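Residue numbers (full-length UniProt numbering): 1 to 83.
Glycine included, each C-beta is placed from N, C-alpha and C at the ideal position.
Predicted, not measured: the structure shown is a model, and the values here were computed from it.
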Amino acid sequence: MQHQKDVAHLFKRVKTGHVKATRHFHASDACIGCGICARLCPANAIDMVEGRPAWVKDRCYACLGCLRGCPVEAITYGMHETH
Numbered sequence: 001m002q003h004q005k006d007v008a009h010l011f012k013r014v015k016t017g018h019v020k021a022t023r024h025f026h027a028s029d030a031c032i033g034c035g036i037c038a039r040l041c042p043a044n045a046i047d048m049v050e051g052r053p054a055w056v057k058d059r060c061y062a063c064l065g066c067l068r069g070c071p072v073e074a075i076t077y078g079m080h081e082t083h
């Protein structure tokens, strides 16, 4: 249900032209550093930095391909806690 709310919010922002979605992408500790997310990104908006994905704000248009393509479901979109 939260995923649906996140996506609905994203499309509202896209429609109005107020997209700064990359601040909401996060790779959890489950990330295995495989780089599939970076290879799948049609905008080439993910750089692998020390084995972790880093989203490039100016290139990402929040297609969610990285989130859907992650083999271990380590990528989330929305609020997350930092420890």
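In whole angstroms, give me the CA-to-CA distance for residue i and residue j.
i, j, result
"Ala21", "Gly33", "Legend: pLDDT at Ala21 = 44, less than 50; position of this residue unreliable, no value from coordinates given."
"Phe25", "Tyr77", "5 Å"
"Gly65", "Met48", "16 Å"
"Pro42", "Pro71", "17 Å"
Can you tell me the Cβ-Cβ gap for residue i and residue j, rounded? I've got them flagged as a contact below 8 Å.
i, j, result
"Ala27", "Arg52", "6 Å"
In the DSSP assignment, find the unbroken beta strand (DSSP E) run with residue i in it and report its ends.
i, result
"Ile75", "Ile75 to Tyr77"
In this structure, does DSSP put residue i in helix, strand or coil?
i, result
"residue 84", "Not covered by the structure: residue 84. The range shown for the chain is 1 to 83."
"Val72", "coil"
With residue i as the anchor, note down where its alpha helix (DSSP H) starts and where it stops.
i, result
"Arg68", "Gly65 to Gly69"
"Ile36", "Ile36 to Leu40"
Could you pull the DSSP bridge partners for residue i from this structure?
i, result
"Pro53", "Met48"
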